[in-house]
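What follows is a single structure, written as structure tokens, with notes after it.
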């Protein structure tokens with residue numbers, strides 16, 4: 001603990017760092033979250049002990065270790081993005097370090113300014 005209260009940014013405050021953007025950490029490929037398997041034409045980024053049974057292209061952590069998953073996250077997203085296909089990502093627990101991993105994944109999956117939903 002720092003002994004200081006956390007200062008939350010108001011939605012109307014100006015951005016002071018790229019990490020405050022909704023789509024920061026975003027690969028070029030579309031990212032689909034909480035996927036239990038890849039759809040046709042997608043790469044699959046697995047997580048946990050069942051990841052090997054789901055034909056993953058890469059796995060954040062076969063043992064479900066969130067520290068290992070966090071260490072692998074950006075490298076694995078970069079590798080899969082280079083394949084030029086959409087990326088499906090397995091569910092990550094919303095506990096402990098998983099909260100931060102999911103935050104980064106939500107940013108990676110956020111639509112970019114040039115994208116529209118059709």
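Numbering (the working numbering), first residue to last: 1 to 118. Beta carbons are placed, not taken as given, at the ideal position from N, Cα and C, and that holds for glycine.
DSSP places residue 87 in the uninterrupted beta strand (DSSP E) bounded by 87–89.
For residue 81 against residue 27, the beta-carbon gap comes to about 4 Å, under 8 Å, which counts as contact.
As far as DSSP is concerned, residue 80 takes part in no beta bridge. The alpha-carbon of residue 100 is positioned some 17 Å away from that of residue 45.
Residue environment for residue 78: exposed (fewer than 16 other C-beta atoms within 10 angstroms of its C-beta).
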